[in-house]
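Following: one structure in structure tokens, then a few remarks.
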Amino acid sequence: MIHMEIETTRQFRPVTDTVLGLGATLLMGAIDADTFLKHGEVLVSAQTGNLIVGVVKLVTSGWQAAWVNGFVWVGYFLGCFVAQGLSEHVGEHNHRRQMRWLMLIDVVAYAALAGLQRSLPEQWLLFFLGIMAGFELTTFRQVGGIAINNGIMTGNTKNMATSAYQALIDGNRAARNRFFRFILVLVTFLLGCAVGVRLANLAALDVLWIASGFKLALLCWLFVPMAMEKPRT
Numbered sequence: 005m006i007h008m009e010i011e012t013t014r015q016f017r018p019v020t021d022t023v024l025g026l027g028a029t030l031l032m033g034a035i036d037a038d039t040f041l042k043h044g045e046v047l048v049s050a051q052t053g054n055l056i057v058g059v060v061k062l063v064t065s066g067w068q069a070a071w072v073n074g075f076v077w078v079g080y081f082l083g084c085f086v087a088q089g090l091s092e093h094v095g096e097h098n099h100r101r102q103m104r105w106l107m108l109i110d111v112v113a114y115a116a117l118a119g120l121q122r123s124l125p126e127q128w129l130l131f132f133l134g135i136m137a138g139f140e141l142t143t144f145r146q147v148g149g150i151a152i153n154n155g156i157m158t159g160n161t162k163n164m165a166t167s168a169y170q171a172l173i174d175g176n177r178a179a180r181n182r183f184f185r186f187i188l189v190l191v192t193f194l195l196g197c198a199v200g201v202r203l204a205n206l207a208a209l210d211v212l213w214i215a216s217g218f219k220l221a222l223l224c225w226l227f228v229p230m231a232m233e234k235p236r237t
């Protein structure tokens, strides 16, 4: 009985959410850079940029060139929608179990897309990557105790600027901490973009297989004792 009580109260340390959030940010940058370079300037996570590119294509080249960007937006929307539902029903009232199940879904989905990417039509591959981007953004979005957008730097930059003002002008120490966390997120995303560019130019290395392996490592991290709080007695 005591053992069961310890099991249900032992949850992840705050740093674990940070690891998951930064990991998702790194991958979103890498995958966006890869799809932009290799799949007709489509962005699967940065939907502001994706919609702008889509409208430019629509005006300059017609709907035949632009519809895939809209298709990816629909996938992204569905990914956010599904992730919200899963977050409310999978592992309810147990954050540890919930994160493990959601990360397992993430790993299986990326591995499936990596395995099928040569046989899937390009538009369907991008659509499913849009779904996964929405899933990631909705699920893994905590860094240092603050909510972040791990694939969209517009909101992060705005929050970083307001935190900088509050830290410098108002002398708010908590705002200073938020400012540095947003810098960390931005640098991580840019690093991911750089990695994606390098991988796009290396035929021997595929970004989706690397993403799958990276996600598997994060899933394993969720079972390491170091990732969890000490049991409550």
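Counting in the working numbering, the sequence shown runs from 5 upward without gaps.
Where is the CB? At the ideal position from N, CA and C, for every residue including glycine.
Keep in mind the model is a prediction, meaning the values are calculated, not measured.
Could you tell me which of the options sits nearest to residue i, measuring between CA atoms?
i	options	result
Thr84	Lys61, Asn98, Phe132	In the sequence as displayed, the identity of residue 84 is Cys instead of Thr. It is Phe132 whose Cα lies nearest to the Cα of Cys84.
Asp210	Gly119, Gln68, Leu106, Val19	Gly119
Gly134	Val19, Leu55, Leu226	Leu55
Ala225	Ile187, Glu96, Gln68, Met107	Correcting the residue type first, residue 225 is Trp in the shown sequence and not Ala. Cα-wise, what sits closest to Trp225 is Met107.
Leu212	Asp36, Asn176, Val19	Asp36
Phe144	Tyr169, Ala165, Arg104, Arg177	Arg104
Val19	Gly138, Arg202, Arg185	Arg185
Leu206	Lys42, Asp21, Gly25	Lys42
Ala28	Val228, Ile214, Phe227	Ile214
Trp128	Val78, Ser167, Arg177, Tyr169	Val78
Gly25	Arg177, Leu223, Leu172	Leu223
Under a Cβ-count criterion, where at least 16 other Cβ atoms within 10 Å of its own Cβ denotes burial, should residue i be classed as buried or exposed?
i	result
Asp174	exposed
Ile6	With a pLDDT of 39 at Ile6, under the threshold of 50, the modelled position of this residue cannot be trusted, and the question is left open.
Ala198	exposed
Ser65	exposed
Thr39	buried
Glu140	buried
Gly138	buried
Ile10	Caution is warranted here: a pLDDT of 41 is assigned to Ile10, below 50, making its placement in the model unreliable, and the coordinate value is therefore given only provisionally. Label assigned to Ile10: exposed.
Ser167	buried
Leu130	buried
Val57	buried
Between residue i and residue j, how many whole angstroms is the CB-CB distance? I'm expecting something under 8 Å.
i	j	result
Gln15	Met232	7 Å
Thr52	Val147	Not quite, the Cβ-Cβ distance comes to about 20 Å (not below 8 Å), so this is no contact.
Ile187	Met164	7 Å
Gln88	Thr142	6 Å
Asn160	Val189	6 Å
Open item on the list: Pairs of beta-carbons, one from the segment 176-193 and one from the segment 209-225, closer than 8 Å: are there three or more?
Closed with: In short, these stretches do not touch, since the Cβ pair count stays below three.
TODO: State whether the segment 84-103 contacts the segment 190-202, with contact taken as three or more CB pairs (one from each stretch) at a distance under 8 Å.
DONE: Because the criterion of three Cβ pairs below 8 Å is not met, the segment 84-103 and the segment 190-202 do not touch.
- [ ] Check whether the segment 150-161 touches the segment 19-37, counting contact only when three or more Cβ pairs, one atom from each stretch, lie closer than 8 Å.
- [x] As far as the Cβ criterion goes, the segment 150-161 touches the segment 19-37, which means the pair count is three or higher.
Open item on the list: Within 8 Å, do at least three Cβ pairs link the segment 59-66 to the segment 104-115?
Closed with: No contact exists between the segment 104-115 and the segment 59-66.
- [ ] Taking 8 Å as the threshold, find out whether the segment 43-57 comes into contact with the segment 67-84 through three or more Cβ pairs.
- [x] Three or more pairs of CB atoms, one per stretch, sit closer than 8 Å, so the segment 43-57 contacts the segment 67-84.
Open item on the list: At 3 residues or longer, what runs of the beta strand (DSSP E) sit wholly inside the segment 45-76?
Closed with: Taken in chain order, the segment 45-76 contains no complete beta strand (DSSP E) segment of 3 residues or longer.
Task: 4-residue-minimum alpha helix (DSSP H) runs that sit fully inside the segment 154-181, ordered along the chain - done: Listed in chain order, the complete alpha helix (DSSP H) runs (minimum 4 residues) inside the segment 154-181 are 157-172.
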